[in-house]
């Protein structure tokens, strides 16, 4: 035992009535009157948590040690080091400790003229975000990129709206998981904002999908496609978005120009001599005239047969005209429906790229805010 230090029980020095300590340790008394008492204790403190940048948040928790019973003239409190000793700190699975600086404060209250010193330790914490990135953020990003693909589904499949509603339900489940993990706070977390923005995009995409399906199923009773829609959507936007009909050229305007050049070349070829063709047909016309003259010698039967042939020809002509008219009307009706379907397809493709860009930009902004 050192001659400059003496060890006593605490009760021999302080005669207070507080005996709530679980362990009664000895007190070290130095020759100069300095008393050191290392009393083990577990101190619990509450801390205000700011979840604005959850799960990439940093927290600062203040631990203040001081005396309200004795003023600074009676008991002086000071910090021996500029920061707390973290050599015996056990690493936590959820938080990283980046430091524990200590600052001495001297406070004067209005009721008393004496100073009251205290020492404030600031515990600097950073949340370990790997668990939340893998289980909450990455699934949300993948699901959010599925939302624009609902515009790529064919309208006749009948699954466009179902896909949007399914994605919306999945996002709702993830948002409930985040609400259970986070502590109650008035601040909206960063991942919560991302979920809300993604759900808003999915809702908008589902509503636009319903509108596009309504355009796709425009039938014969619908009005024709307006002129501005034909110019803007069918002419320019369809080429810009590479939307073509079945059997339409997918090689673009260059192929059409080459095909136009070929037609011009064929148009410059010499036409057959019409006079030569007419001269070749002269013997056939003479033979037919002879047959007609021979038939006129027996007018009875021939005229009756001619009348029946004319009547049959007239009926046949009317039937052919009726069939041609029906085919023309059917083609016009089908063409009207095909134009509306192509308009819907172009709008689908346009919204798909717009929503892809919005989801990508929103994800980049969230990551930038987290950094």
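Residue numbers (the working numbering): 1 to 371. Backbone N, C-alpha and C fix where the C-beta goes; we use that ideal spot for every residue, glycine too.
Report task. Compute the Euclidean distance between the alpha carbons of residue 353 and residue 151, then round it to the nearest angstrom. Result -> Within the chain shown, numbered from 1, the residue matching residue 353 stands at position 353. Within the chain shown, numbered from 1, the residue matching residue 151 stands at position 151. Annotation: residue 353 to residue 151 spans about 9 Å, alpha carbon to alpha carbon.
Query raised in the report: Beta-carbon separation of residue 190 and residue 53 under 8 Å?
Result: If you number the chain shown from 1, residue 190 lands on position 190. If you number the chain shown from 1, residue 53 lands on position 53. In contact: residue 190 and residue 53 (Cβ atoms closer than 8 Å).
Query raised in the report: Hey, is the stretch 159-171 in contact with the stretch 141-150, meaning 3+ C-beta pairs nearer than 8 Å?
Result: yes
**Report entry** Separation of residue 323 from residue 299, as counted between CA atoms
**Finding:** Taking the chain shown and counting its residues from 1, one reaches residue 299 at position 299. Taking the chain shown and counting its residues from 1, one reaches residue 323 at position 323. Low confidence applies here, because residue 299 scores a pLDDT of 49, under 50, leaving its location unreliable; read the following figure in that light. If you draw a straight line from the Cα of residue 299 to the Cα of residue 323, it is about 35 Å long.
Query raised in the report: How about residue 178 and residue 195: do their beta carbons lie closer than 8 Å?
Result: Taking the chain shown and counting its residues from 1, the one referred to as residue 178 is at position 178. Taking the chain shown and counting its residues from 1, the one referred to as residue 195 is at position 195. Going by beta carbons, residue 178 and residue 195 fall inside the 8 Å limit.
Report task. Could you name the residues of the same chain whose beta carbon sits closer than 8 Å to that of residue 76, not counting the 5 residues immediately before and after it, in chain order? Result -> Residue mapping note: residue 76 aligns to position 76 of the chain shown, counting from 1. 117.
Query raised in the report: residue 89 by DSSP, collapsed to three states: which one?
Result: As a working mapping, residue 89 is identified with position 89 in the chain shown. Note: residue 89 maps to coil in three-state DSSP.
Requested in this report: Alpha carbon to alpha carbon, how far is residue 345 from residue 372? Give it in angstroms, no decimals.
Outcome: As shown, the chain starts at 1 and ends at 371. That puts residue 372 outside it, with no answer to give.
Query raised in the report: For residue 93, which residues of its own chain have a beta-carbon under 8 Å away from its beta-carbon, when the five flanking residues on both sides are left out?
Result: Walking along the chain shown from the start, residue 93 turns up at place 93. So the list reads 128, once near-sequence residues are dropped.
Query - Extent of the continuous beta strand (DSSP E) run through residue 61 - result: Reading the chain shown from its first residue, position 61 is the one you call residue 61. Where residue 61 is concerned, the enclosing beta strand (DSSP E) stretches over 58-66.
Query raised in the report: How big is the Cα-Cα spacing for residue 237 and residue 357?
Result: Translated into positions along the chain shown, residue 237 becomes position 237. Translated into positions along the chain shown, residue 357 becomes position 357. Roughly 17 Å separates the two Cα atoms.
Query raised in the report: For residue 102, which residues does DSSP report across the bridge?
Result: Here residue 102 refers to the residue found at position 102 of the chain shown. Answer is 121.
Query raised in the report: Since residue 227 contacts residue 340 with CB under 8 Å, what's their CB separation in whole angstroms?
Result: Mapped onto the chain shown, residue 227 falls at position 227. Mapped onto the chain shown, residue 340 falls at position 340. The Cβ separation is near 14 Å, so there is no contact.
Query raised in the report: Nearest-angstrom Cα distance between residue 112 and residue 83?
Result: Position 112 of the chain shown, counted from the first residue, corresponds to residue 112. Position 83 of the chain shown, counted from the first residue, corresponds to residue 83. If I take the Cα positions, the gap works out to 30 Å.
Report task. Under 8 Å by Cβ, that's how I've got residue 359 and residue 201 pegged, so tell me the actual separation to the nearest angstrom. Result -> Within the chain shown, residue 359 is the residue found at index 359, counting from 1. Within the chain shown, residue 201 is the residue found at index 201, counting from 1. About 7 Å; that satisfies the 8 Å criterion.
**Report entry** residue 230 - partner residues in DSSP beta bridges
**Finding:** Here residue 230 refers to the residue found at position 230 of the chain shown. According to DSSP, which records beta bridges pairwise, residue 230 is partnered with nothing at all.
**Report entry** Nearest neighbour of residue 350, chosen from 209, 312, 326 [CA to CA]
**Finding:** Within the chain shown, the letter at position 350 stands for residue 350. Nearest option by C-alpha distance: 209.
Report task. For residue 115, name the three-state secondary structure that DSSP assigns. Result -> Within the chain shown, numbered from 1, the residue matching residue 115 stands at position 115. Here residue 115 sits in strand by DSSP.
Query raised in the report: Since residue 214 is in the alpha helix (DSSP H), which residue starts that stretch and which ends it?
Result: As a working mapping, residue 214 is identified with position 214 in the chain shown. Per DSSP, residue 214 belongs to the alpha helix (DSSP H) from 190-216.
Query raised in the report: Hey, how far is the Cα of residue 214 from the Cα of residue 197?
Result: Locating residue 214 in the chain shown gives position 214, where the first residue counts as 1. Locating residue 197 in the chain shown gives position 197, where the first residue counts as 1. Distance between the alpha carbons of residue 214 and residue 197: 26 Å.
Query raised in the report: If you draw a straight line from the C-alpha of residue 317 to the C-alpha of residue 342, how long is it?
Result: Counting from one through the chain shown, the residue named residue 317 turns up at place 317. Counting from one through the chain shown, the residue named residue 342 turns up at place 342. Residue 342 has its alpha-carbon roughly 37 Å from the corresponding atom of residue 317.
Query raised in the report: Excluding sequence positions up to five away, which residues of its chain have a Cβ less than 6 Å from the Cβ of residue 107?
Result: One-based indexing of the chain shown puts residue 107 at position 107. Once the five neighbours on either side are set aside, the close Cβ partners of residue 107 are 116.
**Report entry** Under the three-state DSSP convention, the category residue 362 falls into
**Finding:** Position 362 of the chain shown holds residue 362. It is helical.
Query raised in the report: Just how far apart, CA to CA, sit residue 98 and residue 133?
Result: Against the chain shown, residue 98 aligns to sequence position 98. Against the chain shown, residue 133 aligns to sequence position 133. Distance between the alpha carbons of residue 98 and residue 133: 21 Å.
Query raised in the report: In terms of residue numbering, what span does the beta strand (DSSP E) encompassing residue 29 cover?
Result: Counting from one through the chain shown, the residue named residue 29 turns up at place 29. 26-30 is the extent of the beta strand (DSSP E) around residue 29.
Requested in this report: Just the C-alpha distance for residue 176 and residue 102, rounded to the nearest angstrom, thanks.
Outcome: Indexing the chain shown from 1 puts residue 176 at position 176. Indexing the chain shown from 1 puts residue 102 at position 102. About 39 Å.
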